[in-house]
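Residue numbering for the sequence shown follows my numbering, starting at 349 and increasing by one per position.
To keep things clear, I will list the structure first and then write my remarks on it.
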Amino acid sequence: MLDESSGNGILFGSEDTNISDVKFILFSKIATDRDEIILVDDLVSIMKSKFNPLLPTKFLIHGWRDNSTNAMMQVTKNGYFARSSLNNVIGVDWGPLADSLNYPMVAQTKHKQPGCGIDVLWQCSHGRAYYYFAESLTRDNSFISVECADFDELRNENCSKIDNKVQMGGYNLVQKKAKGLFYLKTNDKSPFSL
Numbered sequence: 349m350l351d352e353s354s355g356n357g358i359l360f361g362s363e364d365t366n367i368s369d370v371k372f373i374l375f376s377k378i379a380t381d382r383d384e385i386i387l388v389d390d391l392v393s394i395m396k397s398k399f400n401p402l403l404p405t406k407f408l409i410h411g412w413r414d415n416s417t418n419a420m421m422q423v424t425k426n427g428y429f430a431r432s433s434l435n436n437v438i439g440v441d442w443g444p445l446a447d448s449l450n451y452p453m454v455a456q457t458k459h460k461q462p463g464c465g466i467d468v469l470w471q472c473s474h475g476r477a478y479y480y481f482a483e484s485l486t487r488d489n490s491f492i493s494v495e496c497a498d499f500d501e502l503r504n505e506n507c508s509k510i511d512n513k514v515q516m517g518g519y520n521l522v523q524k525k526a527k528g529l530f531y532l533k534t535n536d537k538s539p540f541s542l
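Next comes the structure, spelled out in structure tokens:
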């Protein structure tokens, strides 16, 4: 439930949660191998799995009203494996807890994403994000954004700080210094990065 009476948009749960409703799926790159379930508080399930503690581990977490079989998990998992098979890719499936929609969908000033057409409830625009991220995993130097001085520049898609560019996403990328408003233009179909 969303409490808007204070103007702060505080989220709070109204149902009890059960830790067994959360599952971890260790994805396999090899199609003939089965994905493995790792159980919470069960060290044996980790020890028996193909999890390799010497490899980087990537966690994929789906959104509200979804589960581990959704397109985001599959597309992003495939993006990581296309780049390198030397990863532990783990999907966090909290589907039973994600059944209720209890957050605001988008800000009123949002523009729809290119290629989305009529976008009722912003489903297409919201759903494009993981395709952008998955593409950034396989294409170096993609999705370069430019800093905007203020919100008006961002809204007008005319940002003046063209010397300050930042990459969105990426396989090895960790941005620690980027702060501010950044504008990123995309194609209406894959490849999305310009």
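Virtual Cβ for every residue (Gly too), placed ideally from N, Cα, C.
- Taken through DSSP and simplified to helix, strand or coil, residue 408 comes out as strand.
- Counting of Cβ neighbours within 10 angstroms places residue 483 among the buried residues, the total reaching 16 or more.
- Within the same chain, Cβ atoms closer than 8 angstroms to the Cβ of residue 515 are found at 484, 489, 490, 491, 492, 493, 521, 523, the five residues on either side in sequence being excluded.
- Per DSSP, residue 440 is one residue of the beta strand (DSSP E) stretching across 436 to 441.
- Residue pairing of residue 529 in beta bridges, as defined by DSSP: 496.
- Counting of Cβ neighbours within 10 angstroms places residue 369 among the exposed residues, the total staying below 16.
- Pairing residue 408 with residue 435 gives a Cβ-Cβ distance that is not under 8 angstroms.
- In the assembly as shown, residue 374 is a buried residue. Its beta-carbon has 16 or more other beta-carbons within 10 Å.
- Distance from the CA of residue 423 to the CA of residue 390, rounded to the nearest whole angstrom, comes to 28 angstroms.
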